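Peer 1: To convert, count from 1 in the sequence shown and add 11; that's the working numbering.
Virtual Cβ for every residue (Gly too), placed ideally from N, Cα, C.
Predicted model, so just to flag it, every value in this text is computed and none were measured.
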Amino acid sequence: MGKRLVLNDSGQSLLPRAMKMLENAQQIEDSFLLPDTTLNARLRIGSSSTIGNYELPSIVGALRESAPLLR
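(1) For L18, which residues of its own chain have a beta-carbon under 7 Å away from its beta-carbon, when the five flanking residues on both sides are left out?
(2) Using a threshold of 9 Å, state whether the C-beta atoms of L74 and A52 are closer than that.
(3) R75 lies in the alpha helix (DSSP H); which residues open and close that run?
(4) CA-CA distance, A29 and L44?
(5) Return the first residue and the last residue of the alpha helix (DSSP H) that K14 is part of.
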């Protein structure tokens with residue numbers, strides 16, 4: 012208890028750029044969540060056979076419901 016993380020000089024110099032990257036990633040994610048945004052594009056997905064067979068079908072199904080114009 013009472014321990015805390017302290018950045019060294021390298022961490023301090025990297026921190027502003029890392030924070031900017033996180034902000035940019037959030038802005039990209041937010042741009043896809045806008046209610047007036049309609050995804051009308053072609054999506055190409057590559058995956059391993061395990062993911063493709065077991066995980067991807069439910070993900071693609073949910074994506075088709077939320078973005079019916081996505082191909």
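Peer 2: By the coordinates alone:
(1) Position 7 of the sequence shown holds residue 18. L26, listed in sequence order.
(2) Here residue 74 corresponds to residue number 63 of the sequence shown, with the count starting at 1. Here residue 52 corresponds to residue number 41 of the sequence shown, with the count starting at 1. For L74 and A52, no; Cβs fall outside 9 Å.
(3) For the purposes of this step, residue 75 is taken as the residue at position 64 of the sequence shown. Per DSSP, R75 belongs to the alpha helix (DSSP H) from 67-77.
(4) Counted from its first residue, the sequence shown places residue 29 at position 18. Counted from its first residue, the sequence shown places residue 44 at position 33. So the alpha carbons of these two residues sit roughly 23 Å apart.
(5) Along the sequence shown, one-based indexing puts residue 14 at 3. That residue, K14, is in no alpha helix (DSSP H); it is neither H nor E in DSSP.
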